[in-house]
Every structure is written in C-alpha cells, then in structure tokens.
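Protein chains: 2
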Amino acid sequence: MDDLFGGMEGGGTKFICAISDGTFHLLDKIQFSTTTPDETLGHAITFFKKYPLNAIGLSVFGPVDLNDSSRKFGYITTTPKRGWSGIDIISPFKQEFNVPIAFTLDVNAAVLGEYVLSPINNRLKNLVYITIGTGIGAGIISNGTVLSGLSHPEVGHMRIPHDKQLDPFPGICPYHGNCLEGLASGPAIHSRWNILPSELPGDHPAWDLESDYLASALINIILTLSPQRIILGGGVMNQDKLFPLIRKKIKLLLNKYLLFPEIVKKMDEYITNPGLGTNSGVLGALVMAKHLLTKNE
Amino acid sequence: MDDLFGGMEGGGTKFICAISDGTFHLLDKIQFSTTTPDETLGHAITFFKKYPLNAIGLSVFGPVDLNDSSRKFGYITTTPKRGWSGIDIISPFKQEFNVPIAFTLDVNAAVLGEYVLSPINNRLKNLVYITIGTGIGAGIISNGTVLSGLSHPEVGHMRIPHDKQLDPFPGICPYHGNCLEGLASGPAIHSRWNILPSELPGDHPAWDLESDYLASALINIILTLSPQRIILGGGVMNQDKLFPLIRKKIKLLLNKYLLFPEIVKKMDEYITNPGLGTNSGVLGALVMAKHLLTKNE
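Residue numbers (numbering that gives the first Met the number 0), protein chains in the order written: chain A, 0 to 296; chain B, 0 to 296.
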C-alpha cells in the first residue's frame, strides 16, 4: 500500500490539515479556527488519527525555534498572539504518533510547496512567499533551498518609511510600534480604521496606504534577495485592488533602476498570488513529511 | 610549477590587484585610484602581464550584469559613477589574456573571500559583507553559496525611515533621492556636511545620524536574511566610533524581539570588520580564478 502523509499549516487565524499520498493528491482536508493551543492542536491530532500515517509535516506561525539542537526546538517563541507564546508544537504530536515528524514555519512550508509543486513556480530557485494577515512573514527559497540562517526570516518587523503627517497611526507591534507588521498587518488595518479589512470597500483610502507600506517593504526584499518572483498570500491580500496598486508603486519606487524584463515587462507575473491557492502551506508540510520519510528509510 | 592567479577588486574609489599561488599566498599586490575606465583597467592589465597567469578573477563595483547568457555579461550597468555606466569590464582582459576569466560584483568577491579564507568567518553558511563607501552594496552567502537571483543584491537602494525634521538633507541618489545610499554613502555625508567623511571628527553629529541610517538598514537585512554574521567594510567604516554606535542602535531597534545569543551576547562579533582586512575582495577574486581553472580542467 502507498505511504500516507499528514500535513498541517497552522496560521494565526486558521489551521488547515490534509492527508495525501506520495503524489501529493489530497485525500482529505479540514480547516478550523485558531483558538487555544490545546483545542487547536487537539483538532489536528484527532483528524490525523483517522489515518495510518507514515510521516507528518507540521508548520505553524512564528516566530518558531528551528534549531534542532535547542531545548525549545519546535516551540513558538516571542509571538504577540495571546496564549501561544512559549507553546511546544511538536510534543503533543510525538506523544500520539510514532512516525517521523517534520517541523517548520508556516511561510517556509508555503514557499516550499510552491517551489516543489506549483507548475508556474517550480523552476525558480529564488522565490519569496509573503503572507499578509494576522502577522506578516516571509518564507524564502534562496539558491534552491529554504533560507535558514540564525533562524527563519522575520520580514514583518522590517523598518519602512512612515509619514506620520499622512498616517498618524502609531502602529500596533508590541515590540516595534510602527514596523511593517505594526502598520500593515490585518490587525493594524482593523485598529487604524476600526473596521475589519474584509469589510473595507475597495475604494477606501486604507488600500492606498496599505499598498504604500507593502510596496516599500517589497522593494527592500527585492533589493536584498533579487528574487525571481514574489508570491503574496494571507487574508489581507483578498482585497483585489491591492495587487495592481502594489505593482504600480513598486515600479514608481524603483524608478527604472532595475531593468530586468521580469520587473519592467512582466510585473503581473513577478508580484503574484499563490500558484497553489490556499493549499501552498499544507502542501509544503506534506512535502516535508515525505522528504523526512525518504531520508529516514 | 604551481598555478598562478590574478585577482582584481575594482571599487568606486580604488582598485586593488594581486597575484597568488593556489594557497592564496599573495606574491605581489598593487593599488591605484579609480579614474577613467581605459586608464584604470589599463593599469590592471599592465600589472597582470608581468606574470604567467593561469586564470584571472575580476570583481568590480556595480551594478553589473552577471547573466552569462546576456550580451552585456561583464558590463557595469546603471551606475551613477560618471564615465563608468555601460562599460565592458571583461573584454579588455580577454583581448590580452588567453586564460579563464571569472567575473563578479566587488562585494560578492569580498563575501566569498571571507567565507572561504577568513579563519573566523569560514564556517558561517549565512554571511553578509556590506561596503559603505562611494556606494553601499552587499554580497551575501546564503545556505553556503553566493546569493544570485535575477541578479546581485542592491541593498544600497533600500528605503529606510528618514526623519526630515531631524535631517532635512534630501539625499543624493539620482534614482531614489533618500534611499540608504542617498542618505548614508560617503558622497552623501560629504554633500550633507560639506566635509569629507575622513576629515569629520569622531564627535561630529554626522556619526550619530549615520549610525541611525545604517542600523535601520542592518536590522532590515537581519530580519530578511537571518545571517550568522554581518561584516562591514568600505571607507566610511574607518571612523572607529561607528561600530559601537551601530551595535547599540541595532539592539535598541530590535528591542529584544530576536533573542539569539549571537545578537544578545555577542554583538561585537556579530557586527564586525573584515577578517581579511582590506584584502577580502581581491582574495575572493583569486578564489574565483582558482575555482574556474579547477572547473575547466
């Protein structure tokens, strides 16, 4: 019988879990809200227990400890999300499943899923996946592997220009105030305008401001990593107006300094939505599960 | 007889050329000012011609075209440096030397030199070398190889917070005005204060402002790449006050968000000067020359 894999993408708003075979065909899938750690991880465990899994891939919002020689490997660390700071993600699964378990950050799984499985992205050895939702984070494929230095990227806390006359909102990041996440995450939009981002109409001035902040952050990422493509996901990006605004402002800010055809002629493909839709993260987690099993065999 | 290699580091202010054997022991070295392309490249060619070289490594300030399928491979592209935009760097050497010739950006050579040859840096698979001089640029080792996506990094043109009340200087970048390079390069300091950076005393307010800009840029680089170490070179960094100011401000800006020992406890080693002194770039160029010869044999 074929191997069976379980994959989890744990976001700050919702979790997605899925089961696949070795071809990454999804056999079952479940989605539920992120509540308390016990309840949320419990849902995932109950779902996985229905299947005779051979390996599991876990991915979760960060920051997480990815240092496998650390005592806190597999923990969520300094998250501002209430109730989730210092939570051990791997152990509850280890207690229930005697199979190899892979672990990473949610956006690392998402960029890996796109890199390995997306027909449009899987030849790009320098690829960035950014989520703009409850938090802002990026997973990076650099020279063909998931970038991991001291730890994972933390682009949400980047410093960008903030014109306080135009936008007196001080930002909501508990660590940095007006860093990118403090100014442009879903909760920042909610707090600034007192409306949920999903309920803000397309012609609201919120989107022009949001695209200013995202364009500044994206050109910093372009100028640092020189990626071949940037994929934008997360709840905030569900507003259709944002993509064209962001693309236009990136071109304006770069001001013909970078003349690569990908940027000058193919901006619609350069800054784009996920090739795998909402499944990038859970598919990336399944890819990790299969890789781990293959390595252990 | 041993193989002989020629290496060139071509900066915006000065060029360094050197000869080494396969152990990278420097047998001869020359340094001269960057004047016109003809004169400057001519000096390098005359120097190299004194030796029976087996391969040559060329590195030069950017932006450069590193796409080896491009008609402009080996050219300097959109540099604001007068007389050097659109200059073909490789061809003058190809006409004179019938040996393999490697080519890259100056800071790519510098980070490669540090990665391969510096006793303190050569185990770090995620390493950044930043030059702050005539321009600002970075070479990046990511997952153990020199980062190259669409092209090389261009961190000098990053957007950072600019408090125009504190510093009304508009910036000198011809493309972006107040990008990092526009605010913090050697020529920007010179233009703002009307004194050469090398003549500004250590207690001048210029250094406090300079460290603000560099600390903002460096935390963006830390948050994107999660490097294990950042090496700072270039003429502006000759001001001894800068290193302690930058280290202090990085800690203040990060505000205990990243708790890695490298940042919390070993900041003096984390933000540091080149392990190879002023030879990082020319040694990196020699490493490229040897690698190319080995590959071609």
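The beta-carbon is built from N, C-alpha and C at its ideal position, and this holds for glycine as well. This one's a predicted model, so the numbers in the text were calculated from it and none came from an experiment.
Item, Value
"Go ahead and label Val154(A) buried or exposed: buried means 16 or more other beta carbons lie within 10 angstroms of its beta carbon, across all protein chains shown.", "buried"
"Determine which residues of the stretch 233-259 of chain B have a Cβ less than 9 Å from any Cβ of chain A, and write them out in chain order.", "Leu252, Leu253, Asn254, Lys255, Tyr256, Leu257, Leu258 and Phe259"
"So, Ser225(A) versus Leu149(B), is the Cβ gap smaller than 8 Å?", "yes"
"I need the straight-line Cα distance from Gly280(B) to Met236(B), nearest angstrom please.", "16 Å"
"Residues in the stretch 143-167 of chain A with C-beta within 9 Å of chain B's C-beta atoms, listed in sequence order?", "Gly143, Thr144, Val145, Leu146, Ser147, Gly148, Leu149, Ser150, His151, Pro152, Glu153, Val154, Gly155, His156, Met157, Arg158, Ile159, Pro160 and His161"
"Give a yes or no on whether 8 Å exceeds the smallest Cβ distance from Thr297(B) to chain A.", "Outside the displayed range of chain B (0 to 296) lies residue 297(B), so it cannot be described from this structure."
"Which runs of the beta strand (DSSP E) spanning at least 3 residues fall entirely within the stretch 15-93 of chain B, listed in chain order?", "25-32 and 54-59"
"Compare the C-beta of Asn121(B) against all C-beta atoms of chain A and say whether one is closer than 8 Å.", "no"
"Report the CB separation of Thr103(A) from Leu65(A) in whole angstroms; it is logged as a contact under 8 Å.", "7 Å"
"Taking 8 Å as the cut-off, does the stretch 26-34 of chain B touch the stretch 11-18 of chain B (at least 3 CB pairs, one atom from each stretch)?", "yes"
"Note the first and the last residue of the continuous beta strand (DSSP E) segment covering Glu8(B).", "Phe4 to Gly9"
"Just curious, the alpha helix (DSSP H) that Thr223(B) is in, first and last residue?", "Pro204 to Leu224"
"What residue from Gly132(B), Asp207(B) and Leu292(B) has the CA that sits closest to Asp233(B)'s CA?", "Residue identity differs from the one stated: residue 233(B) is Gly in this sequence, not Asp. The shortest Cα separation from Gly233(B) among Gly132(B), Asp207(B) and Leu292(B) belongs to Gly132(B)."
"Candidates Gly176(A), Ile129(A) and Asn121(A): which alpha carbon is nearest Asn272(A)'s?", "Ile129(A)"
"Which same chain residues, not among the five before or five after Ile135(B), have their C-beta less than 6 Å away from its C-beta?", "Gly155, Leu179, Glu180 and Ser184"
"From which residue to which residue does the beta strand (DSSP E) around Arg158(B) run?", "That residue, Arg158(B), is in no beta strand (DSSP E); it is neither H nor E in DSSP."
"Interface residues of chain A around Glu261(B) at Cβ under 7 Å?", "Leu149"
"For my contact list, Ile188(B) and Leu217(B) are in at a C-beta cut-off of 8 Å; report their separation, rounded to the angstrom.", "Not a contact, Cβ separation roughly 17 Å."
"Using a Cβ-Cβ cutoff of 7 Å, what residues of the stretch 206-218 of chain B are near chain A? List them in chain order.", "Ser215 and Ile218"
"Does any heavy atom of the ligand ADP sit closer than 7 Å to the C-beta of Glu198(A)?", "In terms of ligand content, the structure shown is empty, and the ligand ADP therefore cannot be addressed."
"Give the interface partners of Pro226(A) over in chain B, defined as CB-CB distance under 8 Å, in chain order.", "Gly148 and Leu149"
"Check distances from the C-beta atoms of the stretch 166-193 of chain A to those of chain B and list, in chain order, the residues that come in under 8 Å.", "Tyr174 and His175"
"Under 8 Å by Cβ, that's how I've got Ile229(B) and Val127(B) pegged, so tell me the actual separation to the nearest angstrom.", "5 Å"
"According to DSSP, simplified to helix, strand and coil, what is Val98(A)?", "coil"
"Identify which residue in Ser58(B), Leu182(B), Ile245(B) and Asn121(B) has its Cα closest to the Cα of Gly143(B).", "Asn121(B)"
"Only counting the same chain, and skipping five residues up and downstream in sequence, which positions put a Cβ closer than 6 Å to that of Gly176(B)?", "Pro169 and Gly170"
"Residues of chain B with a CB under 9 Å from the CB of Asn125(A): which are they?", "Leu146, Ser147, Gly148 and Leu149"
"Which residue or residues does DSSP assign as beta-bridge partners of Arg228(B)?", "Leu126(B)"
"Please tell me whether Leu213(B) and Ala205(B) are closer than 8 Å, where the distance is taken between their beta carbons.", "no"
"With DSSP as the reference, please indicate the residues paired to Thr144(A) in a beta bridge.", "Ser141(A)"
"For chain A, is any of its Cβ atoms less than 8 Å away from the one on Thr77(B)?", "yes"
"Between which two residues does the alpha helix (DSSP H) harbouring Phe242(A) extend?", "Leu241 to Leu253"
"To the nearest angstrom, report how far apart Leu251(B) and Ala54(A) are at their CA atoms.", "42 Å"
"Strictly below 8 Å CB to CB, what residues from chain B border Ser68(A)?", "Within 8 Å Cβ-Cβ: nothing; Ser68(A) doesn't reach chain B, min ~13 Å."
"Mind pulling the chain B residues with CB within less than 7 Å of Ser141(A)?", "Ser141, Asn142 and Leu146"
"By how many angstroms is the C-alpha of Asn295(A) removed from the C-alpha of Glu38(B)?", "60 Å"
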